[in-house]
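Chemist: Here my numbering is used: the first residue of the sequence shown is 319, the next is one more, and so on.
My structure is below; once you've seen it, I'll send some questions.
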Amino acid sequence: MEKEIRVRFAPSPTGPFHIGGARSALFNWLLARKTGGKLILRIEDTDLERSSRESEENIKAALKWLGMDWDEGVDVGGEYGPYRQTERLDLYRKYTEQLLAEGKAYYCYCTDDELEAERQALVAQSQMPRYMGKCRNLTPEQIAEFEKEGRKPTVRFKVPAGQQIVIHDMVRGDVVFDSDGIGDFVIVKSDGIPTYNYAVVIDDALMHITHVIRAEEHLSNTPRQCLIYDALGFEKPVFGHISLILGKDRTKMSKRHGATSVDQYRKLGYCPKGIVNFLALLGWAPNSEQEIFTTEELIQAFSMDHVAKNPAVFDLDKLNWINQHYMRQLDDEAFFEAAKPQMIEAGFMTGEEEGDKLAWLKKVVLTSKEHVSYAAQIPEVVAMYFHDDFAFENEEAAAVLKEETVPTVMNMLFEQLGQLEAVDATGVKATFKTIQKTTKLGGKSVYMPIRVALTGNQHGPELTEIIPLLGLERTLKRIKGSLEKAGVTLA
Ligand code: GLU
C-alpha cells in the first residue's frame with residue numbers, strides 16, 4: 319500500500335493573510351483531497367513579538383471562507399499535537415539537548431556587536447557574511463566567564479564542512495547547495511525559543527509530513543533544514559517549492575499592485591470560489607485550456623507535475639474575469655446578500671428595510687448582475703437609482719436636450735405614461751412605440767433625450783428597466799428637473 323500523503327500548511331500568524339499564503343494552503347489542500355491524504359494546520363508562532371491570536375483567527379477564518387478544511391491541527395486536534403509551536407517548547411528542548419550532547423550543536427555567547435563586527439569584516443573582504451564558529455570550541459573556563467558576565471547564550475547548529483546538499487524538489491528538480499556557504503546558524507534563541515528552521519524540521523518529522531509544499535522563498539532555508547534532518551536522524555519529506563507571485567510588472571507582488579490579503583478581497587465582495595479558481599491557476603495549469611473550475615474539478619485535475627517553475631503573474635483582470643463568472647452564477651438571493659454590505663456601506667440601504675422597499679432594493683441590485691466582477695462594484699452601477707439630483711455627464715449630453723423635437727417627445731411621454739395601468743417594461747415599451755409612430759421620429763431622437771433627462775448619461779441600462787424601477791413620479795420629477803437645468807420649456 320502506498321504511504322498516505324500528509325501535507326501541512328504552517329502559517330506564521332504575524333499579520334494579514336497574504337494571497338500567496340492562501341495559494342500555498344490551496345495547493346496542499348488540493349493534493350490532500352486528491353490523494354485521500356491529510357492536511358495538517360500548524361501555527362508557527364515562535365516570533366513572539368509579531369505573532370498574535372487575532373492573526374491566527376483571521377487565517378483560519380480565511381481558510382474556511384475559501385472552503386478549505388484541515389484534518390489535523392489547531393482547533394481540530396490530532397495525534398501529533400499540540401499544533402501551535404509555542405506549545406511545543408518542551409519537545410524542541412529535548413532534541414536540543416540531544417544535539418548538544420552529541421556535539422552537533424553548541425552554545426554561542428557572542429553579543430550582537432561581536433556578530434556585527436564579524437559580518438562587516440567578512441563583507442570588507444568580499445566574503446559571504448556568515449558565522450565563522452567563534453564559540454565552537456569554548457573551554458569550560460570561557461563558558462564560566464561568559465555566564466558570570468550574565469550573557470545568555472544562543473544554541474548554534476554545527477554545520478558540517480564540505481558537504482553537498484541536494485534537494486530533489488518536485489517543482490524545481492535537483493537543487494544543490496554547498497554546506498561551506500552556510501555558517502553555523504542559531505537554532506535556539508537566547509530566550510529559549512527555537513528558530514523557524516529548527517522547529518519546522520522537528521514538527522514536520524514528528525507530524526509525519528510526507529510532502530512539504532511551500533513558497534519558493536523558503537528554498538534557501540531548505541539546506542539548513544536538511545542538515546538538521548540528518549543530524550537528528552529523521553527521514554526527509556519530499557520538498558516542492560512553488561514559484562513566487564509577481565505583479566503584472568514582473569516585480570514581487572506587493573501592496574503597490576493592489577489588494578494582497580485575502581481579507582481585502584473578501585471585503586471587496588469577491589466570491590470565495592472565484593478566488594480559489596484563480597489561485598489554483600497561479601502556478602498550476604491543467605492539461606487543457608480550461609480556466610473555469612469547480613472545486614471538485616480542481617481536486618480531480620490537480621497534480622504537482624503541472625506546477626510550473628517560472629513565476630506566476632497575478633493578473634487582476636483575469637481574477638475579475640473569473641470572478642464575474644461566479645457572480646453571474648449566484649442566484650438572485652445570494653447576489654443580493656453579496657451586495658448588501660456594499661450597499662449599506664455606500665449608504666444606499668440600512669439593512670433594516672422590509673416589504674416594498676426591500677423588494678425594490680432587490681430589483682435595483684439585480685440590474686447590476688451582468689455588469690460587475692465583484693460586489694463592491696454594485697453600488698456604483700446602481701447609484702443612479704438613488705440620486706434624483708444629478709449632473710449631465712458632459713456638454714454633449716446636455717446638448718441632447720436642446721434638440722427641437724425634445725418638447726414634443728417629452729409631452730407625449732408624460733401623457734402616455736400617465737395613461738398606463740402599470741409602469742412596467744411592457745407598458746414602457748408600448749409607450750415608446752406610440753411616440754415613435756406618432757412623431758415619426760427615429761429611435762435615437764426618442765430614447766436619447768429621455769435617457770439623458772433621466773440619468774444625465776448617454777449610456778446605461780435599458781430605459782424599460784430604468785423607468786419601471788424609478789416609477790412614474792420619480793421619472794417625471796427627474797425629467798422636469800433636467801429640462802429645467804437645460805433651459806428647455808415645455809409648451
Ligand atoms: N511559517 C512559515 C511561513 O509562514 C512556514 C514555512 C514553511 O511552510 O515551512 O512562511
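Don't be surprised by glycine CBs; every beta carbon is placed ideally from N, CA and C.
Please list, in chain order, all residues of the same chain as Thr726 whose beta carbon is under 7 Å from its beta carbon, the five residues on each side excluded.
Modeler: Thr757.
Chemist: Are three or more beta carbon pairs between the stretch 422-434 and the stretch 455-471 nearer than 8 Å?
Modeler: The stretch 422-434, when compared against the stretch 455-471, does touch it at the 8 Å Cβ threshold.
Chemist: Skipping 5 residues on each side, what residues in its chain have a beta carbon closer than 6 Å to that of Arg796?
Modeler: Cβ neighbours of Arg796 beyond the five flanking positions: Asp706 and Leu772.
Chemist: For the beta strand (DSSP E) that Arg532 lies in, which residues bound it at each end?
Modeler: First-last of the beta strand (DSSP E) with Arg532: His529 to Ala533.
Chemist: Is Pro590 close to ligand 1? I mean its beta-carbon at under 6 Å from any heavy atom of the ligand.
Modeler: It does not: the Cβ of Pro590 is nowhere closer than 6 Å to a heavy atom of ligand 1.
Chemist: Given 6 Å as the limit, tell me if Ala328 has its C-beta closer than that to any heavy atom belonging to ligand 1.
Modeler: Yes, the beta carbon of Ala328 sits closer than 6 Å to at least one heavy atom of ligand 1.
Chemist: Cα-Cα, which of Gly385, Ala657, Phe708 and Lys755 is closest to Val683?
Modeler: Of the listed residues, the one whose Cα sits closest to Val683 is Ala657.
Chemist: With hydrogens ignored, establish whether the beta-carbon of Arg532 is closer than 6 Å to any heavy atom of ligand 1.
Modeler: Under cutoff, so the answer is yes.
Chemist: Under 6 Å from any heavy atom of ligand 1, does the C-beta of Tyr518 make it?
Modeler: Per the sequence shown, residue 518 should be read as Val rather than Tyr. For ligand 1, at least one heavy atom lies less than 6 Å from the Cβ of Val518.
Chemist: Could you tell me the distance, in whole angstroms, from the CA atom of Glu367 to the CA atom of Thr569?
Modeler: If you take the alpha carbons of Glu367 and Thr569, they lie about 29 Å apart.
Chemist: Near Gln403, which residues of its chain fall below 6 Å by C-beta distance, leaving aside the five closest residues on each side in sequence?
Modeler: Excluding residues within five positions, the ones whose Cβ falls inside 6 Å are Glu362, Asp363, Thr364 and Ala517.
Chemist: What's the gap between the Cα of Met488 and the Cα of Gln416?
Modeler: If I take the Cα positions, the gap works out to 31 Å.
Chemist: Give every residue of the same chain whose Cβ lies closer than 7 Å to the Cβ of Tyr514, excluding the five residues on either side of it in the sequence, and list them in chain order.
Modeler: Taken in chain order, the residues that qualify are Glu362 and Thr364.
Chemist: Given the structure, does Glu374 come close to ligand 1, in the sense that its CB is under 6 Å from one of the ligand's heavy atoms?
Modeler: Checking the Cβ of Glu374 against ligand 1 gives no.
Chemist: Buried or exposed for Val718, please, with buried defined as at least 16 other CB atoms from any protein chain shown within 10 angstroms of its CB.
Modeler: Burial call: buried.
Chemist: So is the beta-carbon of His777 under 6 Å away from any non-hydrogen atom of ligand 1?
Modeler: Answer for His777: no, Cβ out of range of ligand 1.
Chemist: At what residues does the beta strand (DSSP E) containing Arg326 begin and finish?
Modeler: Arg326 -> beta strand (DSSP E) spans Arg324 to Phe327.
Chemist: Run the proximity test for Glu390: is its beta-carbon closer than 6 Å to any non-hydrogen atom belonging to ligand 3?
Modeler: This structure lacks ligand 3; the ligands present are ligand 1.
Chemist: Nearest to Gln445 by CA position, among Gly399, Leu407, Arg469 and Gly499, is which residue?
Modeler: For Gln445, the nearest C-alpha among the options comes from Gly499.
Chemist: Given a cut-off of 7 Å on the beta-carbon distance, is the pair Gly355 and Arg324 in contact?
Modeler: Their beta carbons are under 7 Å apart, which means Gly355 touches Arg324 by this criterion.
Chemist: For Gly745, report the span of its alpha helix (DSSP H) as first-last.
Modeler: Taken as a continuous stretch (DSSP letters only), the alpha helix (DSSP H) holding Gly745 covers Ala743 to Thr757.
Chemist: Using a Cβ distance threshold of 8 Å, determine whether the stretch 706-716 contacts the stretch 679-694, with at least three qualifying pairs required.
Modeler: Taking 8 Å as the limit for Cβ pairs, the verdict is that the stretch 679-694 does not touch the stretch 706-716.
Chemist: Under a three-way DSSP split, which group does Glu733 fall into?
Modeler: If DSSP states are grouped into helix, strand and coil, Glu733 belongs with the helices.
Chemist: Using C-beta distances below 8 Å, list every residue in its chain close to Leu781, excluding the 5 sequence neighbours before and after it, in chain order.
Modeler: Val746, Phe750, Tyr765, Ile768, Arg769 and Leu772, listed in sequence order.
Chemist: For the alpha helix (DSSP H) containing Thr472, name the first residue and the last one.
Modeler: Here Thr472 belongs to no alpha helix (DSSP H); instead the beta strand (DSSP E) covers Thr472 to Phe475.
Chemist: List, from N- to C-terminal side, the alpha helix (DSSP H) runs of 4 residues or more that fit wholly inside the stretch 546-594.
Modeler: With a minimum length of 4 residues, the continuous alpha helix (DSSP H) runs that stay inside the stretch 546-594 are 580-585.
Chemist: What residue ranges within the stretch 326-406 form continuous alpha helix (DSSP H) runs of no fewer than 4 residues, ordered along the chain?
Modeler: Those alpha helix (DSSP H) runs which fall completely within the stretch 326-406 and span 4+ residues are 337-353 and 371-383.
Chemist: Just checking my contact of Leu349 with Ile531 at CB under 8 Å: how many whole Å lie between their CB atoms?
Modeler: About 7 Å; that satisfies the 8 Å criterion.
Chemist: Could you name each continuous beta strand (DSSP E) segment of 3 residues or more that falls completely within the stretch 439-472, going from the start of the chain to the end?
Modeler: If we require 3 residues or more, the stretch 439-472 turns out to have no beta strand (DSSP E) run fully inside it.
Chemist: Could you tell me the alpha carbon to alpha carbon distance between Asp650 and Asn775, rounded to whole angstroms?
Modeler: Between Asp650 and Asn775, the C-alpha separation is close to 27 Å.
Chemist: Judging by CA-CA distance, which residue of Thr723, Glu739, Thr793 and Leu788 is the nearest neighbour of Lys762?
Modeler: If we check each option's Cα against that of Lys762, Thr723 comes out closest.
Chemist: Sorted by chain position, which residues of the same chain lie with C-beta nearer than 8 Å to Leu788's C-beta, five sequence neighbours on each side aside?
Modeler: Excluding positions up to five away in sequence, the list reads Tyr703, Leu772 and Arg796.
Chemist: Spatial neighbours of Ser369 within its chain, please: CB distance less than 7 Å, with the 5 preceding and 5 following residues excluded, ordered by chain position.
Modeler: Ser330, Pro331, Thr332 and Asp363.
Chemist: Who pairs with Ala630 in a beta bridge, going by DSSP?
Modeler: In DSSP, Ala630 forms a bridge with Ile563.
Chemist: Within the present structure, is the beta-carbon of His529 separated from the nearest heavy atom of ligand 1 by less than 6 Å?
Modeler: No.
Chemist: Just grab the DSSP bridge partners of Cys426 for me.
Modeler: Bridge partners of Cys426: Thr472.
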